[in-house]
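Engineer: The following block contains the structure, expressed as structure tokens.
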Amino acid sequence: MKEKFLRLERWTSGMALAAACGLLVVAASLGMLQIITRFVLEMPAEWTEVLIRFSLIWMVFMGIPYAFRHGAMVCVDVLYRWSKPGMRRVLDWVVCIASLGLMAVIIWWGWDYAVRGRVQTMAGLESISMFWAYLAMPVGGVFCVIGIIGNLIDPQRNELETAQ
2 MKEKFLRLER
12 WTSGMALAAA
22 CGLLVVAASL
32 GMLQIITRFV
42 LEMPAEWTEV
52 LIRFSLIWMV
62 FMGIPYAFRH
72 GAMVCVDVLY
82 RWSKPGMRRV
92 LDWVVCIASL
102 GLMAVIIWWG
112 WDYAVRGRVQ
122 TMAGLESISM
132 FWAYLAMPVG
142 GVFCVIGIIG
152 NLIDPQRNEL
162 ETAQ
């Protein structure tokens, strides 16, 4: 059961990270397009700014699960270094419960916000509902829950070994 969950977590975290990387490429490309259209062609494309903001929001919420999985999101490094092994496991549980609580709030209110925002449209892209931008919160939250539980089951503390 543990191995199956960790396999699922590796797949979902990898998928979320790939999406975050792809969205960074989209944002950078749209930024370059915006510069070219505004300053070279002198015909600004208003829709690029909206899509850059949209892709950056999604990029952040899809990148957070990877940070949670590697124990880099909620850092309690000093306490962790000073604690004995038994206390470290207690810290893992405290961080996990606090993080899951935060994710529950983000998923719950993010979904509510997305549903309420479905009647709004994006400025510059009136045909697209704000639902799709706000949906990043609950979707990213669900991926984070999987990463948080994966980190509790199989802790990875890569930042502790590389810290100076």
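Just add 1 to wherever you are in the sequence shown, counting from 1, and you've got my numbering.
Every residue, glycine too, gets a C-beta built ideally from N, C-alpha and C.
Would the beta-carbon of Ile108 fall within 8 angstroms of that of Val143?
Structural biologist: Working through the sequence shown from its first residue, we reach residue 108 at position 107. Working through the sequence shown from its first residue, we reach residue 143 at position 142. Against a cut-off of 8 angstroms, the Cβ pair of Val143 and Ile108 comes out as a contact.
Engineer: From Ala21 to Ile58, what does the alpha carbon distance come to, in whole angstroms?
Structural biologist: Position 20 of the sequence shown, counting from 1, holds the residue named residue 21. Position 57 of the sequence shown, counting from 1, holds the residue named residue 58. One C-alpha to the other measures close to 10 angstroms.
Engineer: Output needed for Leu18: all residues of its chain with C-beta closer than 8 angstroms, excluding positions within five of it in sequence on either side, in chain order.
Structural biologist: By one-based count along the sequence shown, residue 18 stands at place 17. The beta carbon of Leu18 is closer than 8 angstroms to those of Met63, Gly64, Pro66, Tyr67 in its chain, skipping five residues each way along the sequence.
Engineer: Please determine if the segment 113–122 and the segment 36–49 are in contact, where contact requires at least 3 C-beta pairs separated by less than 8 angstroms.
Structural biologist: no
Engineer: Sorted by chain position, which residues of the same chain lie with C-beta nearer than 6 angstroms to Ala115's C-beta, five sequence neighbours on each side aside?
Structural biologist: One-based indexing of the sequence shown puts residue 115 at position 114. Closer than 6 angstroms at the Cβ level, and outside the excluded window around Ala115, lie Phe132, Tyr135, Leu136.
Engineer: Mind reading off the beta-carbon distance from Arg89 to Glu10? Whole number of angstroms is fine, and I expect it under 8 angstroms.
Structural biologist: Within the sequence shown, residue 89 is the residue found at index 88, counting from 1. Within the sequence shown, residue 10 is the residue found at index 9, counting from 1. About 21 angstroms; that fails the 8 angstroms criterion.
Engineer: Starting from the N-terminal side, write out each stretch of the alpha helix (DSSP H) that is 4 residues or longer and does not extend beyond the segment 59–121.
Structural biologist: 78–83, 86–117
Engineer: Could you spell out the range, first to last residue, of the alpha helix (DSSP H) harbouring Glu43?
Structural biologist: For this step, residue 43 is matched to residue 42 along the sequence shown. No alpha helix (DSSP H) contains Glu43, which DSSP labels as neither H nor E.
Engineer: Just mark Ala29 as buried or exposed, buried being the case when its beta carbon has 16 or more other beta carbons within 10 Å.
Structural biologist: In the sequence shown, residue 29 corresponds to position 28, counting from 1. Counting Cβ neighbours within 10 Å, Ala29 comes out exposed, since fewer than 16 surround it.
Engineer: Could you give the first and the last residue of the continuous alpha helix (DSSP H) run that contains Leu31?
Structural biologist: Residue mapping note: residue 31 aligns to position 30 of the sequence shown, counting from 1. Unbroken alpha helix (DSSP H) run through Leu31: 3–36.
Engineer: Thinking Trp7 and Gly151 are a contact (beta carbons under 8 angstroms), I'd like their distance in whole angstroms, please.
Structural biologist: Taking the first residue of the sequence shown as 1, we reach residue 7 at position 6. Taking the first residue of the sequence shown as 1, we reach residue 151 at position 150. The question names Trp, yet the displayed sequence has Leu at residue 7. About 6 angstroms; that satisfies the 8 angstroms criterion.
Engineer: Specify, as a first and last residue, the run of the beta strand (DSSP E) that Leu182 falls within.
Structural biologist: Because the chain in this structure spans residues 2 to 165, residue 182 falls outside the shown range and cannot be described.
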